[in-house]
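One structure is given below, encoded as structure tokens.
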Amino acid sequence: MRHADDCNVYLRSERAALRAFENLTKFIEDVLKLKVNREKSAVARPWQRKLPGFSFTAGKQAKRRVAPKALGKMKDRVRELTRKSHRSFKA
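The opening position of the sequence shown corresponds to residue 7 in my numbering, with each subsequent residue numbered one higher.
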């Protein structure tokens with residue numbers, strides 16, 4: 007059985023979000039023939055959910071925040087590529 011990948015939809019009201027969640031779940035399962043993992047799926051505020059590589063901050067205006075682990079990996083890679091070894095900068 008194939009699974010749908012992560013999908014996040016953000017709406018203003020919880021009622022609209024619940025309605026959209028049910029409609030999207032039905033479409034994914036009935037039309038696309040993919041299984042939705044109910045344990046990982048939820049209707050929640052953006053800052054209550056973690057996405058691969060980033061999350062959102064709470065507040066009047068939600069902002070994206072790079073996950074600490076992803077930021078650490080990126081910094082390590084930059085250090086690796088730019089260390090003083092007289093190598094050219096290649097990805």
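Beta carbons are placed, not taken as given, at the ideal position from N, Cα and C, and that holds for glycine.
Which residue from the options puts its Cα closest to that of residue i?
| i | options | result |
| --- | --- | --- |
| Y98 | E45, V37, N43, Q54 | Examination of residue 98 is not possible in this model, given that the chain is present from 7 through 97 alone. |
Enumerate in chain order the residues of its own chain whose CB-to-CB distance from residue i is below 7 Å, with the five nearest sequence positions on each side excluded.
| i | result |
| --- | --- |
| A68 | P52, W53, F62 |
| R70 | F60, F62 |
Whole angstroms is fine: what's the gap from residue i's alpha carbon to residue j's?
| i | j | result |
| --- | --- | --- |
| K46 | K56 | 11 Å |
| K79 | V49 | 30 Å |
| R85 | P58 | 23 Å |
| A26 | K90 | 53 Å |
| P74 | N29 | 34 Å |
Just to confirm my understanding: we take residue i, look at its own chain, exclude 5 residues before and 5 after, and list those with CB closer than 6 Å. What are they?
| i | result |
| --- | --- |
| A23 | L17, V49 |
Among the residues of its own chain, which have a CB less than 8 Å from the CB of residue i, if the five just before and after it don't count?
| i | result |
| --- | --- |
| E35 | K41, V42 |
| E5 | Lying before the first or after the last residue shown, residue 5 is absent from the chain, which here runs from 7 to 97. |
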